[in-house]
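In my numbering, the protein residues as written are 12 to 70. Here a beta-carbon is modelled for each residue, glycine too, at the ideal position from N, C-alpha and C. Heads up: the structure comes next, in structure tokens.
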């Protein structure tokens, strides 16, 4: 019986917390539903993608 209950509890990935506001965010969500901050996988080395218009303008 315990195994049956654990199956239903553990079959879904454990939710993460938003780095900006601390609210619970599902692992498949790309943005926090509370504050709108972009979410990244835990092993991601990239931060949010931002446009930098001055980077290519000085060439």
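Answer yes or no: do residue i and residue j have a C-beta to C-beta separation smaller than 7 Å?
i, j, result
"residue 36", "residue 29", "yes"
Tell me which residues share the same chain as residue i and place their Cβ nearer than 7 Å to its Cβ, disregarding the 5 neighbours each side in the sequence.
i, result
"residue 14", "none"
"residue 43", "29, 31, 32, 34, 36 and 50"
"residue 46", "29, 31 and 32"
Answer with buried or exposed for residue i, where buried requires no fewer than 16 other C-beta atoms within 10 angstroms of its C-beta.
i, result
"residue 32", "exposed"
Looking at the strands, I want to know which residues DSSP matches up with residue i.
i, result
"residue 36", "27"
"residue 15", "Answer is none; residue 15 lacks a bridge partner."
"residue 42", "49"
Take residue i and list the residues in its own chain whose beta-carbon comes closer than 8 Å to its own, dropping the five residues that flank it on each side.
i, result
"residue 41", "49 and 50"
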